[in-house]
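This report concerns only the one structure given below.
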Ligand SMILES: [Zn+2]
């Protein structure tokens, strides 16, 4: 089946098109990684269009959609999730969401990405790519460090004080993480972003006097 | 009618997830999900809560709009979406969804101005607007007076609030009076039992030297709070109905006076009032009275269409398609402070 994969959980927007079959894994036909920063909403659909053109395919050829569910900065993350949901809905396709950290690197590792506020998103993995801890959001001192450390090299190295090897979400990684659900789309869970944090919202204090006696 | 374009509209600028369908100027469906109840205890809309709710509600709301209209996604000819002004994170959910549906359905996309959409929605009930028209938009997020020579290309700002939006003043005064959020409907109800002349609250920006088309509600809100506090300090009961009526009268007196004056000054004999505050019964009554006296034709959408919804966006999108306005570029984004004179982008 032909699968459109996308992820907006990090500053790098990733879109790929892959041929996938149960058992035989994914063959990536086209992929684009765009250093989009906070412009995911502007650049995502043009990038999807470009990736389809790169591979000589059109929307009508798609059989499934895969999206990263984060964790990641909320506003950009939602752009990817709602785009995947809308494309799949419009074309009547199954859609599968995966943890974005699962799609970074491979083998035994700790994946870290920038969670802002001096914290990191992180997860650890066994040699067979099974997630063993996380995803979680924590202060650097609370991150379990199973070597090698991969992911956001700048934020990771800075906050952990040890080198983190740069690695990003890839189409192959998204497909690998989605494989169990792609094989049985009926088992795919709801597309809920991995926010890991509650919304910032403080109930206002009881009415304050506007004037003093 | 079937040869007119079927337009799907998305609205997510604040706390309402709106998806509507129109064909030409005919309203087919108007599906709405709201996160209002989740904001209630905060006394105002919490952007992150609204954004999360938009994402959750998006696809189900599209489905409701399509099924209410008895059409399928494949029948859609064009898509319109509010691209501003509004809360950035909230806007982006709608913009991204609309872009994805447009891409997947291979139809043109129009990123439109929320305020112009509030004007356009009236056409679904009352037919083509007379142009030029004066439009007054009053809600929890905006208070604007506009001159509209051409709704698809030429919308000119005459004035706006310099502090609180009109709806915000209702919310804050409701809080002072111990009434629920949002404050518009409970104040409207309470005011029916009260005497609007019982307390003389100030009319903001109505002095001879003030910018006549601008609004100010902050001073009024403070005056109400002071008045209530003075009562409380004196150990006297607060006459909630009278305060609500007097406050509401001060707001609608200013709004209608400025709208009528804008019509007169510009030689325009049509006025449209939209936005959530346009659902206020006293505003509708006083506007009708003053417009009749001034020979102005007043148009107000039914209360259901005054508040934010997807049909208003579809209505404006339909006008843009008909007028041959170019669709938006593929890199359309959201602009939280989109200027009112940008009708589409
Ligand atoms: Zn509005």
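Residue numbers (my numbering), protein chains in the order written: chain A, 70 to 282; chain B, 1068 to 1412.
Beta carbons: idealized from backbone N, C-alpha and C, even for Gly.
Predicted, not measured: the structure shown is a model, and the values here were computed from it.
With distances taken between CA atoms, residue 1356 of chain B lies nearest to B:1338 out of B:1338, B:1148, B:1387, B:1113. No Cβ-Cβ contact shorter than 7 Å links residue 1218 of chain B with residue 1394 of chain B. Proximity of the beta carbon of residue 76 of chain A to ligand 1 is not indicated: no heavy atom of the ligand is located closer than 6 Å. If you check each beta-carbon in the region 90-124 of chain A against every beta-carbon of chain B, the ones closer than 9 Å belong to 108, 109, 110, 111, 112, 113, 114, 115, 117, 118. In this structure, ligand 1 has no non-hydrogen atom nearer than 6 Å to the beta-carbon of residue 1097 of chain B. Not a single C-beta of chain B is nearer than 7 Å to the C-beta of residue 70 of chain A.
In this chain, the alpha helix (DSSP H) harbouring residue 1134 of chain B covers 1114-1136. Residue 1398 of chain B belongs to the set of residues whose beta carbon lies under 7 Å from a beta carbon in chain A. With a threshold of 7 Å between beta carbons, residue 1122 of chain B makes contact with chain A.
Residue contact check for residue 1160 of chain B against chain A: a CB pair falls below 7 Å. Annotated three-state conformation of residue 1285 of chain B is helix, per DSSP. Distances from the alpha-carbon of residue 1281 of chain B to those of B:1368, B:1204, B:1307, B:1296 put B:1204 closest.
In this structure the region 1352-1371 of chain B does not lie against the region 1117-1137 of chain B, because fewer than three pairs of beta carbons, one per stretch, are closer than 8 Å. Ordered by chain, the residues meeting the criterion of a beta-carbon within less than 5 Å of a non-hydrogen atom of ligand 1 are B:1206, B:1375. Neighbours of residue 160 of chain A across chain B, judged by C-beta separation under 8 Å: 1171. When secondary structure is reduced to three states using DSSP, residue 1071 of chain B falls in the coil class, being assigned neither helix nor strand.
For residue 227 of chain A, the enclosing alpha helix (DSSP H) covers residues 222-229. Each residue's CA atom was taken as its position, placing residue 1214 of chain B and residue 1241 of chain B some 31 Å apart.
With a contact defined as Cβ atoms closer than 8 Å, residue 75 of chain A and residue 182 of chain A miss out at about 16 Å. For residue 1298 of chain B, the secondary structure class from DSSP, reduced to helix, strand or coil, is helix. Contact with chain A is found for residue 1166 of chain B, since one of that chain's Cβ atoms lies less than 7 Å from the residue's Cβ.
Excluding the 5 residues flanking it on each side, residue 132 of chain A has same chain C-beta neighbours closer than 6 Å at 70, 71, in chain order. Shown here for residue 1225 of chain B: same chain residues with a beta carbon closer than 7 Å to its own, the five before and five after excluded, namely 1212, 1213, 1214, 1280, 1329 in chain order.
Look at residue 1156 of chain B: its C-beta is under 7 Å from a C-beta on chain A. Residue 1198 of chain B sits in coil when the DSSP states are folded into three classes, being neither helix nor strand. Burial state of residue 129 of chain A is exposed, judged by a 10 Å Cβ sphere holding fewer than 16 other Cβ atoms. The Cβ-Cβ distance between residue 1347 of chain B and residue 1099 of chain B does not fall below 7 Å.
Non-local beta-carbon contacts of residue 250 of chain A in its own chain, meaning distances under 7 Å to residues more than five positions away in sequence, involve 165, 256, 257 in chain order. Contact annotation: residue 1155 of chain B and residue 1124 of chain B have beta-carbon atoms that are not nearer than 7 Å. The Cβ atoms of residue 114 of chain A and residue 1325 of chain B do not sit closer than 7 Å to each other.
Here DSSP, grouped into helix, strand and coil, assigns residue 1077 of chain B to strand. DSSP places residue 90 of chain A in no alpha helix (DSSP H) but in the uninterrupted beta strand (DSSP E) bounded by 81-90. Counting only runs of 4 or more residues that sit fully inside the region 207-267 of chain A, the alpha helix (DSSP H) segments are 222-229, 240-252, in chain order.
Residue burial annotation: residue 1300 of chain B is exposed, with fewer than 16 other C-beta atoms found within 10 angstroms of its C-beta. Nearest in C-alpha terms to residue 1079 of chain B, of all of B:1311, B:1161, B:1152, B:1257, is B:1161. As a beta-bridge residue in DSSP terms, residue 165 of chain A pairs with A:135.
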